[in-house]
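For reference, each letter of the sequence shown is one residue, going 5 to 168 in this note's numbering.
We put the beta carbon where it would ideally sit given N, CA and C, even for glycine.
Predicted, not measured: the structure shown is a model, and the values here were computed from it.
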Amino acid sequence: MKKALITPALLMVLFSLILTSFQSSNIPNLQGTFAVNCGKKTTAYQQLAIHYTPGRKILFYFEGSTGKPAYNTGSEYGRLSLNKKTGNYEYIPKDTVEDCNLEFVKKGDKIIIKTLHGDCGFGHGVYADGTYQQTSKVNPQSFTTRTGKKVHFDKTPPEQLTDY
5 MKKALITPAL LMVLFSLILT SFQSSNIPNL QGTFAVNCGK KTTAYQQLAI
55 HYTPGRKILF YFEGSTGKPA YNTGSEYGRL SLNKKTGNYE YIPKDTVEDC
105 NLEFVKKGDK IIIKTLHGDC GFGHGVYADG TYQQTSKVNP QSFTTRTGKK
155 VHFDKTPPEQ LTDY
């Protein structure tokens, strides 16, 4: 009698593990570092670091510059969430001060960022939009802000960082 109860329970656990494995394989892994104009002789650049926390939350840090002659710069630190309708990831700030909605689409070893709505408040002429080539698949642990401050993803949530 006990064997009959254990077998269905064991089958349910195995089925659950297989289903979870199948579902997570359909979700693109975004972690790593990415760049536009990486290695090119230009002062304009866009760089991106995407970090998975131990709780599987996805944090990102973007930084960009227009290059010569103005050298305008901009940056953003935030969380990504999965849009279940499109299967892509989006950044929508929690505060109502900033009107910024970015879409992140994984295509092979590239990430394409597109502004869906608003102005993200970067410097004049600085946009996150572009195709970013992956430069590392390693889950980045930290990033350095434009002000030179080293920030650890797991120690500083986006809402606690104000000077970047």
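Measure the Cβ-Cβ separation of residue i and residue j and say whether it is below 8 Å.
i    : j    : result
A48  : S69  : yes
G59  : S140 : no
F126 : Q145 : no
T151 : D167 : yes
E107 : E94  : yes
I54  : L86  : no
N76  : V130 : yes
Considering only residues of the same chain and omitting the five flanking positions on each side of residue i, which have a CB-CB separation below 7 Å?
i    : result
K61  : R83
D81  : The amino acid occupying residue 81 in the given sequence is Tyr; Asp does not appear at that position. For Y81, where only same-chain residues beyond five positions count, the Cβ hits under 7 Å are Y65, P162, L165, Y168.
K154 : S146, T148
Y56  : Q35, I62, N143
Excluding the 5 residues preceding and the 5 following residue i in the sequence, name in chain order all residues of the same chain whose CB lies nearer than 6 Å to its CB.
i    : result
S28  : Because the pLDDT at S28 is just 45, under 50, the model does not fix this residue reliably, and the value given afterwards should be weighed accordingly. The answer is none, since no qualifying residue turns up.
D113 : Q138
T135 : K114, I116
F38  : L52, I115, Y136, Q138
According to the neighbour-count rule (16 or more other Cβ atoms, all chains shown, within 10 Å of its Cβ), is residue i buried or exposed?
i   : result
E67 : buried
T46 : exposed
A74 : exposed
Per DSSP, residue i forms a beta bridge with which residues?
i   : result
Q51 : A39, E67
Keeping to the same chain, check which residues put their C-beta closer than 8 Å to that of residue i; ignore five residues upstream and five downstream.
i    : result
L120 : E94, N105, L106, E107
Requested in this report: For the stretch 54-98, list the beta strand (DSSP E) runs that are entirely contained and at least 3 residues long, ordered along the chain.
Outcome: With a minimum length of 3 residues, the continuous beta strand (DSSP E) runs that stay inside the stretch 54-98 are 62-69, 77-86, 93-95.
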